[in-house]
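Notes follow once the structure below has been shown.
Numbering (full-length UniProt numbering), first residue to last: 1 to 371.
What follows is the structure in structure tokens.
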């Protein structure tokens with residue numbers, strides 16, 4: 001079992017300068033029509049009904065998101081309902097939760113989509129007059145929801161790719177890619193994977209598809225050098241999936257020295273597989289999440305670098321946006337040049353690279369989430 005840190009109050013995590021924007025930074029514009037009355041907002045005792053539907057509660061990332069939404073709901077006239085898939089990728093349970101929100105007459109839905117099958121249900125909700133906000137994972141197409149609050153996942157992947165290139169210092173990169181899914185396509189999966197390869201300096205044939213790049217060639221990041229991609233394996237974003245994926249990749253090539261992982265639970269599992277095989281020394285493991293456990297694993301050297309994202313902020317912005325829409329008829333707008341609202345990320349490492357902005361584990365531990 002990997003070591004963990006005691007929980008920190010959410011307020012403490014949100015105060016770090018430059019890492020988490022305040023709710024006041026959310027850009028608002030007036031939308032057409034009058035604001036909804038409380039009687040049509042689906043909430044108890046005249047409150048504004050909001051349903052938060054996360055991917056799964058087995059991942060502390062989404063537990064933190066729920067905690068952020070509950071905290072935001074406490075400060076407003078919100079009747080918050082929580083739902084979650086049984087596992088990452090469980091679309092059926094999310095679809096049923098959307099149906100429930102429609103039948104209850106909620107004002108809005110906050111959802112981290114588990115896959116493309118939920119898009120039709122989201123359309124049904126919007127047609128019924130609900131305001132739908134995606135958190136963390138933009139749907140495909142992005143226009144399937146009213147707006148998305150999320151990390152720029154391609155940029156986060158690129159950060160850890162650039163860091164990896166610098167650490168290689170010209171050595172050959174023998175790369176294992178531990179992705180999210182193999183049976184469905186979601187943007188968070190390919191954006192992080194393709195962002196990582198781009199940061200490393202490897203040409204990606206199609207940035208919306210994992211695994212189609214050349215398996216051997218030259219990377220141009222850092223000092224540049226040769227690379228070999230051993231393969232892509234799905235982890236379902238879980239620790240046991242990460243371990244199985246890494247075991248499979250090691251069976252293909254025991255000389256792997258670079259491991260990209262979709263998130264920190266998958267990274268923890270991959271590390272356990274490396275350790276069991278006696279391969280945990282001299283391997284660069286990188287990930288994306290920035291939870292307290294992950295930050296502690298960066299500090300201990302299990303993970304070399306991670307890109308920290310902010311699920312509490314996503315949820316708080318989402319709840320606030322629906323409340324503002326219900327009370328004043330205002331709606332949020334996307335970040336400049338993007339088709340979503342970027343909630344930011346920060347490269348976390350104790351091995352800083354010149355010219356690459358990052359924070360160390362001491363700073364990251366002050367704004368991390370989970371345990």
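All C-beta atoms in this analysis are idealised placements derived from N, C-alpha and C, irrespective of residue type, glycine included.
A quick note: this is a predicted structure, and the numbers were derived from the prediction, not measured.
* **Strand pairing of residue 335, partner residues [DSSP]** => Your numbering for residue 335 matches position 335 in the chain shown. According to the DSSP secondary-structure assignment, residue 335 is paired through a beta bridge with no residue.
* Residues in its own chain within less than 6 Å of residue 207 by CB, not counting five upstream and five downstream? -> Taking the chain shown and counting its residues from 1, the one referred to as residue 207 is at position 207. Once the five neighbours on either side are set aside, the close Cβ partners of residue 207 are 194.
* **Simplified DSSP state of residue 130, which is helix, strand or coil** => Numbered from its first residue, the chain shown carries residue 130 at position 130. The answer is coil: DSSP assigns residue 130 none of H, G, I, E or B.
* Assign residue 362 to one of two classes, buried (16 or more other C-beta atoms within 10 Å of its C-beta) or exposed (fewer than that). => Taking the first residue of the chain shown as 1, we reach residue 362 at position 362. Under the 10 Å beta carbon count, residue 362 is surrounded by fewer than 16 other beta carbons and is classified as exposed.
* Asked: In chain order, what residues of the same chain lie with their CB nearer than 8 Å to the CB of residue 304, ignoring the 5 residues before and after it?
  -> Position 304 of the chain shown, counted from the start, is the residue given in the question as residue 304. Around residue 304: 163, 164, 167, 284, 285, 286, 298, 349, 351.
* When you compare each of 307, 279, 296 to residue 288 by their alpha carbons, which one comes out closest? -> Here residue 288 refers to the residue found at position 288 when the chain shown is read from its first residue. Closest option to residue 288, Cα to Cα, is 307.
* Asked: Can you tell me the Cα-Cα spacing of residue 337 and residue 254, whole angstroms?
  -> If you number the chain shown from 1, residue 337 lands on position 337. If you number the chain shown from 1, residue 254 lands on position 254. Approximately 42 Å, taken between the alpha carbons.
* With DSSP run on the structure shown, which of helix, strand or coil describes residue 13? -> Position 13 of the chain shown holds residue 13. The predicted position of residue 13 is uncertain, since its pLDDT is 37 and thus under 50; no value can be drawn from it.
* To do: Note down the Cα distance separating residue 176 from residue 262, rounded to an integer number of angstroms.
  => Translated into the one-based positions of the chain shown, residue 176 becomes position 176. Translated into the one-based positions of the chain shown, residue 262 becomes position 262. If I take the Cα positions, the gap works out to 11 Å.
* To do: Have a look at 184, 186, 171, 227 and flag the residue whose alpha-carbon is nearest the alpha-carbon of residue 375.
  => The first residue shown for the chain is 1 and the last is 371, placing residue 375 beyond what the model contains.
* **Contact under 8 Å by Cβ, residue 174 with residue 132** => Within the chain shown, residue 174 is the residue found at index 174, counting from 1. Within the chain shown, residue 132 is the residue found at index 132, counting from 1. No; because the gap between Cβ atoms is not below 8 Å, this pair is not in contact.
* Can you tell me the Cβ-Cβ gap for residue 83 and residue 53, rounded? I've got them flagged as a contact below 8 Å. => Along the chain shown, read from residue 1 onward, the residue named residue 83 stands at position 83. Along the chain shown, read from residue 1 onward, the residue named residue 53 stands at position 53. That belief holds up - the Cβ atoms of residue 83 and residue 53 are roughly 5 Å apart, short of 8 Å.
* With a Cβ-Cβ cutoff of 8 Å, do residue 134 and residue 343 count as a contact? -> If you number the chain shown from 1, residue 134 lands on position 134. If you number the chain shown from 1, residue 343 lands on position 343. In this structure, residue 343 does not lie closer than 8 Å to residue 134 by Cβ.
* To do: Measure the Cβ-Cβ separation of residue 189 and residue 179 and say whether it is below 8 Å.
  => Taking the first residue of the chain shown as position 1, residue 189 is located at position 189. Taking the first residue of the chain shown as position 1, residue 179 is located at position 179. In contact: residue 189 and residue 179 (Cβ atoms closer than 8 Å).
* Using only alpha-carbon positions, find the residue among 161, 347, 144 that is nearest to residue 220. => Locating residue 220 in the chain shown gives position 220, counting from the first residue. Considering only 161, 347, 144, the residue with the shortest C-alpha distance to residue 220 is 161.
* Touch check for the segment 145 to 159 and the segment 89 to 103: three-plus C-beta pairs under 8 Å? -> Not touching, per the Cβ criterion.
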